[in-house]
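K.L.:
So the number in our numbering is just where the residue sits in the sequence shown, counting from 1, plus 11.
We put the CB at the ideal spot given by N, CA and C, even for glycine.
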Amino acid sequence: MLIPVLGLHELGGWEAMIQRLPESFGHLWAGLDHPEHNAMGIHWLGVVLGLGFVLSFGYWTTDFLVVQRAFAARDLRSAQLTPIYASLWKMIVPFLVIIPGLIAAVLFHDLGKPGGPSYNLALPLLMERYYPPGMLGLGLTAMLASFMSGMAGNVTAFTTVWTYDIYQAYIKKDASDEHYVKMGRWAVVVGVLISIGAAYLAAGFPSVMDYMQLLFSIFNAPLFATFLLGMFWKRATPWGGFWGLVAGTAGAILLMVAIPENFFTSPQEGNFWRAWWAWVITVVVTVIVSLFTKPKTDEELKGLVYGTTSLPSYRGWKWYLHPGWMAVVAALLLVGLNWYFW
Numbered sequence: 012m013l014i015p016v017l018g019l020h021e022l023g024g025w026e027a028m029i030q031r032l033p034e035s036f037g038h039l040w041a042g043l044d045h046p047e048h049n050a051m052g053i054h055w056l057g058v059v060l061g062l063g064f065v066l067s068f069g070y071w072t073t074d075f076l077v078v079q080r081a082f083a084a085r086d087l088r089s090a091q092l093t094p095i096y097a098s099l100w101k102m103i104v105p106f107l108v109i110i111p112g113l114i115a116a117v118l119f120h121d122l123g124k125p126g127g128p129s130y131n132l133a134l135p136l137l138m139e140r141y142y143p144p145g146m147l148g149l150g151l152t153a154m155l156a157s158f159m160s161g162m163a164g165n166v167t168a169f170t171t172v173w174t175y176d177i178y179q180a181y182i183k184k185d186a187s188d189e190h191y192v193k194m195g196r197w198a199v200v201v202g203v204l205i206s207i208g209a210a211y212l213a214a215g216f217p218s219v220m221d222y223m224q225l226l227f228s229i230f231n232a233p234l235f236a237t238f239l240l241g242m243f244w245k246r247a248t249p250w251g252g253f254w255g256l257v258a259g260t261a262g263a264i265l266l267m268v269a270i271p272e273n274f275f276t277s278p279q280e281g282n283f284w285r286a287w288w289a290w291v292i293t294v295v296v297t298v299i300v301s302l303f304t305k306p307k308t309d310e311e312l313k314g315l316v317y318g319t320t321s322l323p324s325y326r327g328w329k330w331y332l333h334p335g336w337m338a339v340v341a342a343l344l345l346v347g348l349n350w351y352f353w
């Protein structure tokens with residue numbers, strides 16, 4: 012919270028900061044008409060299809076670390092309100108994340124350039140600039156704690172999915188609880204080792220975000236398509252979902268390998284388009300395979316697919332406790348912010 016305030020104070024406010032940056036840095040959409048008109052080298056259509064639709068929806072609806080919060084809710088209404096309330100707070104996060112990045116771009120002219128500090132060091136550099144020794148130590152501790160919390164959550168998700176959804180379901184079904192606890196502990200060790208290896212891989216990318224979007228375009232985009240069809244299309248079959256997921260992931264990897272590195276203006280643009288086409292491939296293959304395989308009955312799909320389960324009624328509830336109305340409020344705020352920073 013302090014860094015945006017101190018940084019804007021040093022630079023003379025928002026307008027003074029924006030005047031010292033390229034024109035596109037102060038807008039969300041104005042510079043996206045052509046990849047050469049913005050620093051990220053992306054086009055608005057890739058942002059809408061790849062990032063806005065596939066990657067964003069995929070992350071917030073299928074990432075285990077995110078949805079497990081909703082799973083812990085006391086009832087369905089609370090579970091529905093969880094991501095909506097989270098979205099309201101999420102709209103504040105860019106002011107805490109993006110503004111420090113803009114401040115760093117003004118203050119550190121060699122940021123991201125050959126021989127200069129990496130973009131990933133923008134926040135530590137600002138902390139070093141503004142915080143006294145005691146506050147600097149506290150800030151670094153808080154930053155490391157947030158990283159460790161995220162890593163712990165992801166390792167827990169990895170362990171849970173591996174132990175219960177894969178190992179117990181398909182490898183060893185009737186073992187004792189003690190056996191599954193031991194397997195979970197070993198899964199934690201493996202998950203941490205994978206995380207360490209992934210950190211070394213991420214170091215070879217211009218920024219952590221480039222690395223994350225690459226992984227999401229390969230693994231998360233096909234998963235989102237599979238979930239979407241499985242939740243809203245009763246005709247989808249298990250084999251359709253399986254082969255669609257395999258085809259989408261393989262297609263994303265093939266696109267990454269086959270398309271030359273300089274085909275897209277920037278790696279991020281390639282990630283967005285790869286995610287879109289991976290999603291399309293998954294949908295097409297899932298539909299085709301499902302039409303040629305036997306579907307499950309409505310009774311088997313009850314509680315799993317839209318249209319087979321009765322929807323809850325919220326009549327009599329106050330409007331701010333109704334998920335639908337709160338979703339409208341969140342959507343209006345999102346549109347308003349996009350219009351203001353167009």
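(1) Once DSSP output is grouped into helix, strand and coil, what is the label at Tyr-181?
(2) Using a threshold of 8 Å, state whether the C-beta atoms of Tyr-96 and Leu-17 are closer than that.
(3) Check whether the segment 249 to 262 and the segment 281 to 300 touch, using three or more Cβ-Cβ pairs below 8 Å as the test.
(4) Counting only runs that start and end within the segment 241 to 297, where is the alpha helix (DSSP H) found for 4 or more residues in a row?
(5) Checking 8 Å against the spacing of the C-beta atoms, do Asn-282 and Ser-228 come in under that value?
(6) Shortest alpha-carbon distance to Leu-348 belongs to which of Ser-187, Met-162, Val-300, Pro-105?
(7) For Val-65 versus Ala-286, is the C-beta distance shorter than 8 Å?
(8) Per DSSP, what kind of secondary structure is Asp-309 in: helix, strand or coil?
(9) Give the secondary structure of His-54 by DSSP, where H, G and I count as helix, E and B as strand, and everything else as coil.
(10) Taking C-beta to C-beta, are Pro-306 and Arg-246 nearer than 8 Å?
(11) Just to confirm before moving on: does the CB-CB distance between Gly-37 and Ile-29 stay below 8 Å?
(12) Could you give the C-beta distance for Arg-80 and Thr-93, rounded to a whole number, given that I count them as a contact under 8 Å?
(13) Quick test of your reading: Val-300 and Gly-259, contact by CB under 8 Å. State the CB separation rounded to the nearest angstrom.
(14) Return the first residue and the last residue of the alpha helix (DSSP H) that Ser-98 is part of.
(15) So the alpha helix (DSSP H) Trp-350 belongs to, where does it begin and stop?
(16) List the endpoints of the continuous alpha helix (DSSP H) containing Lys-124.
(17) Mind checking whether Val-117 and Leu-62 have CB atoms under 8 Å apart?
(18) Less than 8 Å between the C-beta atoms of Leu-76 and Ala-168, yes or no?
(19) DSSP three-state label for Met-12, please.
(20) Would you mind working out which of Leu-19, His-20, Gly-69, Ala-50 sits nearest Phe-235, comparing C-alpha positions?
(21) What residue range is occupied by the uninterrupted alpha helix (DSSP H) comprising Glu-189?
(22) Compute the Euclidean distance between the alpha carbons of Gly-275 and His-190, then round it to the nearest angstrom.
(23) If distances are taken between C-alpha atoms only, which option among Ala-198, Asp-185, Pro-217, Ile-109 comes closest to Gly-127?
(24) Express the C-alpha separation of Lys-124 and Met-138 in angstroms, rounding to a whole number.
(25) Using 8 Å for Cβ pairs, my map puts Gly-195 next to Thr-174. What's the rounded Cβ distance?
(26) Using a 10 Å radius around the Cβ and a threshold of 16 neighbouring Cβ atoms, would you call Thr-152 buried or exposed?
(27) DSSP three-state label for Gly-69, please.
(28) If contacts are defined as beta-carbon pairs under 8 Å, then Ala-133 and Pro-111 qualify, I think. What distance do you get, rounded to the angstrom?
(29) Would Leu-237 and Thr-297 qualify as a contact pair, given that the criterion is a beta-carbon distance under 8 Å?
(30) If we ignore side chains and look at the alpha-carbon of each, how far apart do Met-159 and Gly-327 end up?
(31) Tell me whether Asn-231 is buried or exposed, calling it buried when 16 or more other Cβ atoms sit within 10 Å of its Cβ.
(32) Helix, strand or coil for Phe-303, going by three-state DSSP, please let me know.
(33) Would you kindly check if the distance between the Cβ of Met-242 and the Cβ of Val-316 is under 8 Å?
(34) Helix, strand or coil, according to DSSP, for Phe-216 in the structure here?
P.N.:
Reading from the atomic positions:
(1) Assigned with DSSP and collapsed to three states, Tyr-181 falls in helix.
(2) Inclusion of Tyr-96 and Leu-17 in the CB contact set at 8 Å is not warranted, their separation being larger than that value.
(3) The segment 249 to 262 vs the segment 281 to 300: in contact.
(4) Complete alpha helix (DSSP H) runs here, min 4: 249 to 269.
(5) The Cβ atoms of Asn-282 and Ser-228 lie closer than 8 Å to each other.
(6) Minimum Cα distance to Leu-348 is reached at Pro-105.
(7) Their beta carbons are under 8 Å apart, which means Val-65 touches Ala-286 by this criterion.
(8) In this structure, Asp-309 counts as helix in the three-state DSSP scheme.
(9) Here His-54 sits in coil by DSSP.
(10) Yes. Within cutoff.
(11) Yes; because the gap between Cβ atoms is below 8 Å, this pair is in contact.
(12) Yes, they are in contact, since the Cβ atoms of Arg-80 and Thr-93 sit about 6 Å apart, within 8 Å.
(13) Rounded, the Cβ-Cβ distance is 12 Å, inconsistent with contact.
(14) DSSP places Ser-98 in the uninterrupted alpha helix (DSSP H) bounded by 87 to 101.
(15) Its alpha helix (DSSP H) spans residues 334 to 351.
(16) First-last for Lys-124: undefined, no H or E at that position.
(17) With respect to the 8 Å criterion, Val-117 and Leu-62 are not classified as neighbours on the basis of their beta carbons.
(18) Going by C-beta atoms, Leu-76 is nearer than 8 Å to Ala-168.
(19) DSSP, read as helix, strand or coil, puts Met-12 in coil.
(20) Out of Leu-19, His-20, Gly-69, Ala-50, Gly-69 has the C-alpha closest to the C-alpha of Phe-235.
(21) Here the alpha helix (DSSP H) through Glu-189 covers 188 to 213.
(22) According to the sequence as given, residue 275 is Phe; it is not Gly. The C-alpha of Phe-275 lies about 49 Å from the C-alpha of His-190.
(23) Measuring from the Cα of Gly-127, the nearest candidate turns out to be Pro-217.
(24) Computed Cα separation, rounded: 20 Å.
(25) About 5 Å separates the Cβ atoms of Gly-195 and Thr-174, confirming a contact at the 8 Å cut-off.
(26) Counting Cβ neighbours within 10 Å, Thr-152 comes out exposed, since fewer than 16 surround it.
(27) For Gly-69, the three-state secondary structure derived from DSSP is helix.
(28) With 8 Å as the limit, Ala-133 and Pro-111 qualify as a contact, their Cβ atoms being about 7 Å apart.
(29) Residue identity differs from the one stated: residue 237 is Thr in this sequence, not Leu. Cβ distance < 8 Å, so Thr-237 and Thr-297 count as in contact.
(30) Approximately 43 Å, taken between the alpha carbons.
(31) Burial state of Asn-231 is buried, judged by a 10 Å Cβ sphere holding 16 or more other Cβ atoms.
(32) Looking at Phe-303 - three-state DSSP - the assignment turns out to be coil, as it is neither helix nor strand.
(33) For the 8 Å CB-CB criterion, Val-316 and Met-242 form a contact.
(34) Phe-216 carries a coil assignment under DSSP once its states are collapsed to helix, strand and coil.
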